[in-house]
Amino acid sequence: MFALTRFALPLLALPVLAFGHRGEALGILGEEDPPGAPRASDDDVRRAWSLLTDDERRDVALHFAEEARWLEGLQSALIAHALSLEETDPGFFPEAGEPPFFDPKLHAPAQPIPRERLDPHSAPAREAVERMKKREPKTGLDAAFRYDWARREIVRSGDAEAPERVFANGLAGHPPRYDLALAIVERTLDRGDQAKALAAFGHAYTDRAGAVFPGLTLYDAWASGTEIEMPDVDVLGVVHDVLGDWKTWKAIIPASQHDAIYDEVGKHFLRARDYRSLRNALAWTYLSGSVALADAYVGHRLRLHGLWESVSSMPTELAPKLPDADGRQDYLVAWSDAFDKDSKFVPRAQARLAELDRDAARVRETLARIVLATGALERKQRPAPKPKTKAANSGG
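Quick note on the numbering used here: the sequence shown kicks off at 16 and runs consecutively.
#1: How long is the line joining the alpha carbons of VAL200 and LYS211, rounded to whole angstroms?
#2: Could you check whether ALA375 and SER303 sit closer than 8 Å to each other, using their CB atoms as the reference points?
#3: Can you list, in chain order, the stretches of the alpha helix (DSSP H) that have 4 or more residues and sit fully within the region 142-207?
#4: Please list the terminal residues of the continuous alpha helix (DSSP H) segment that includes GLY321.
#5: Check the DSSP bridge columns for VAL227 and list the partner residues they point to.
#6: With 16 as the cutoff for other CB atoms within 10 Å, does PHE360 come out buried or exposed?
#7: For ALA97, collect the residues of the same chain with a Cβ closer than 6 Å to its Cβ; drop the 5 residues on either side in sequence, then sort them by chain order.
#8: Could you tell me the alpha carbon to alpha carbon distance between PRO398 and ASP69, rounded to whole angstroms?
#9: Check whether the region 164-178 touches the region 201-209, counting contact only when three or more Cβ pairs, one atom from each stretch, lie closer than 8 Å.
#10: For PHE108, which residues of its own chain have a beta-carbon under 7 Å away from its beta-carbon, when the five flanking residues on both sides are left out?
#11: GLU110 bridges to which residues according to DSSP?
#12: Would ASP247 be called buried (16 or more neighbouring beta carbons within 10 Å of its own) or exposed?
#13: Could you check where the alpha helix (DSSP H) with TRP64 kicks off and where it finishes?
#14: For GLU370, which residues in the same chain have their Cβ closer than 6 Å to its Cβ, ignoring the five residues on either side in sequence?
#15: Thinking just about the alpha-carbon of each residue, which of ASP118, ARG318, ALA183 is nearest to the one in ALA80?
#16: Quick check on the burial criterion: 16 or more other C-beta atoms within 10 angstroms. Buried or exposed for VAL348?
#17: With DSSP run on the structure shown, which of helix, strand or coil describes THR300?
#18: For the alpha helix (DSSP H) containing PHE414, list its first residue and its last residue.
#19: Near TYR346, which residues of its chain fall below 6 Å by C-beta distance, leaving aside the five closest residues on each side in sequence?
#20: Considering only residues of the same chain and omitting the five flanking positions on each side of GLY230, which have a CB-CB separation below 7 Å?
#21: ALA287 and PHE216 look like a contact to me (Cβ under 8 Å); what is the Cβ gap, rounded to whole Å?
#22: Would you mind reading off the limits of the alpha helix (DSSP H) that contains LEU333?
#23: Rounded to whole angstroms, what is the Cα-Cα separation between PRO190 and VAL378?
#24: State the Cα-Cα distance for the pair ALA55 and HIS283, rounded to the nearest angstrom.
#25: Okay, do the region 247-266 and the region 117-127 touch, 3+ Cβ pairs below 8 Å being the bar?
#26: If we call anything under 8 Å between Cβ atoms a contact, is ASP194 one with LEU156?
#27: Do you know how far the Cα of ILE94 is from the Cα of PRO30?
#28: Taking all protein chains shown into account, do 16 or more other C-beta atoms lie within 10 angstroms of the C-beta of GLY321, making it buried, or fewer, making it exposed?
#29: Residues in the same chain with beta-carbon distance under 7 Å from ARG73, minus the five sequence neighbours each way, listed in chain order, please.
#30: Using alpha carbons as the reference points, say which of ILE243, ALA236, ARG363 lies closest to GLU151.
#31: Pick out whichever of MET245, MET147, VAL306 has its Cα sitting closest to the Cα of PHE117.
#32: Tell me the DSSP bridge mates of THR232?
#33: Can you check which of these residues, LEU293, GLY342, ASP174, is closest to TRP323 by C-alpha distance?
#34: Using a Cβ-Cβ cutoff of less than 7 Å, which residues in the same chain neighbour ARG202 once the five nearest sequence positions on both sides are dropped?
#35: Can you tell me whether LYS262 is helix, strand or coil according to DSSP?
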């Protein structure tokens, strides 16, 4: 077992601004609810949804998607701009699939333990995902589209228009196509500086017995800060793919060499993580105001909005200005110093954050209104599904 707490994402060594949550400090947030309308609780909206039939849920999802298209605001404009950067029809993006695993016959021929994918519903698989993704920010987004940093392309999984997905995202303040816009922004900000490392750490996480954990990559494992297993094949796979070094270490790696090879692999992970995490945080703050971020960035959310203000929220303009992996800390320190002293940028960033919060609130309230308008909250139970009608017999 290998403890990865030393590779947990550290808090940035910057002063934390004492404002930046939902526009309260400058008093510019305003009402989040429609005038005169009490805000429905999430519990009420979820209960009403649970009492709808499948047909009613489809109708609600379609109605909400149609209304959400016409919501005006900064978020809608930003989504539209992001979508304009991509010409591919969403249906033609490749399926996400499961990440590949390092082949032990190639990378550890002296230890060719076969790999076998676990059932994603099995207890070991579920427990590993829960443990290693516990620290991930809770954004409420159920994404049908995401940017795959290992493949450097947008991938899709499932139906973007599935009623359950549309409902969950809407309740979290995410309108339809939010996930696609987010993926496009991440891809735009990725210059490919860490392509080799991110591809290597994009391989599936496995244990020494050969189990392959669905839904988990080596990046997830190393970023988790938890104790994980590091079979030789995975450590050597990273060394081979990133460094091109096939001579220094070979399986079976003796214990006396563990510290040296783990430190070498850890160094490349840290650089890849610093590169990716900054761009991920920027992609989220491109579209949302007070969105949950990784611990290293949550106290500096307003500065990220300030970065977007500095380029008029244009991803193509920000991408070339971002630092490489080694320059992240210096870049953010310099930007923070300039931003915090600029009497114009702080209120502009605050206004941007607040407007995006209002937009998210309108998305949520639009969904809540449509769901509650069905009257389902008055029901005692969910109606039984209608019996299927038999097709007319066309035989002779």
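Glycine is no exception: its CB is placed at the ideal position from the N, C-alpha and C atoms.
Working from what's here:
#1: So the two alpha carbons sit approximately 20 Å from each other.
#2: Yes, these two residues count as a Cβ contact at 8 Å.
#3: Counting only runs of 4+ residues, the alpha helix (DSSP H) found wholly inside the region 142-207 occupies 178-186, 193-204, in chain order.
#4: Segment 316-325, the alpha helix (DSSP H) holding GLY321.
#5: For VAL227, which the question treats as bridged, DSSP gives the partners ARG132, THR221.
#6: Result: buried.
#7: Taken in chain order, the residues that qualify are ALA196, ILE199, VAL200.
#8: C-alpha of PRO398 to C-alpha of ASP69: approximately 10 Å in a straight line.
#9: Touching, per the Cβ criterion.
#10: Excluding five sequence positions before and after PHE108, the CB atoms of its chain that fall closer than 7 Å to its own CB belong to PHE160, ILE169, VAL170, ARG171, given in chain order.
#11: According to DSSP, residue pairing for GLU110 in a beta bridge involves ARG171.
#12: With 16 or more other Cβ atoms inside 10 Å of its own Cβ, ASP247 counts as buried.
#13: Annotation: the continuous alpha helix (DSSP H) that includes TRP64 extends over 57-65.
#14: Cβ neighbours of GLU370 beyond the five flanking positions: LEU89.
#15: The option with the nearest alpha carbon to ALA80 is ALA183.
#16: Under this definition VAL348 is an exposed residue.
#17: Note: THR300 maps to helix in three-state DSSP.
#18: Lying before the first or after the last residue shown, residue 414 is absent from the chain, which here runs from 16 to 411.
#19: So the qualifying residues of the chain are PRO338.
#20: Same-chain partners within the cutoff: PRO135, VAL144.
#21: A Cβ-Cβ distance of about 6 Å is found for the pair ALA287 and PHE216, placing them in contact under the 8 Å criterion.
#22: Element bounds for LEU333: 330-333.
#23: Here the C-alpha atom of PRO190 lies approximately 6 Å from the C-alpha atom of VAL378.
#24: In a straight line, the C-alpha of ALA55 is about 48 Å away from that of HIS283.
#25: Contact between the region 247-266 and the region 117-127 is established, with three or more Cβ pairs separated by less than 8 Å.
#26: Yes, the Cβ-Cβ distance between ASP194 and LEU156 is below 8 Å.
#27: Legend: pLDDT at PRO30 = 46, less than 50; position of this residue unreliable, no value from coordinates given.
#28: Around the beta-carbon of GLY321, 16 or more other beta-carbon atoms lie within 10 Å, marking it buried.
#29: These residues qualify, in order along the chain: PRO178.
#30: In terms of Cα proximity to GLU151, the closest of ILE243, ALA236, ARG363 is ALA236.
#31: Nearest of MET245, MET147, VAL306 to PHE117, Cα basis: MET245.
#32: DSSP output for THR232 lists ALA219 as bridge partner(s).
#33: The shortest CA-to-CA distance from TRP323 to any of LEU293, GLY342, ASP174 is the one to LEU293.
#34: Sequence-distant partners of ARG202 (beyond 5 residues in either direction) whose C-beta falls short of 7 Å from its own C-beta, in its chain, are TYR162, ILE169.
#35: Here LYS262 sits in coil by DSSP.
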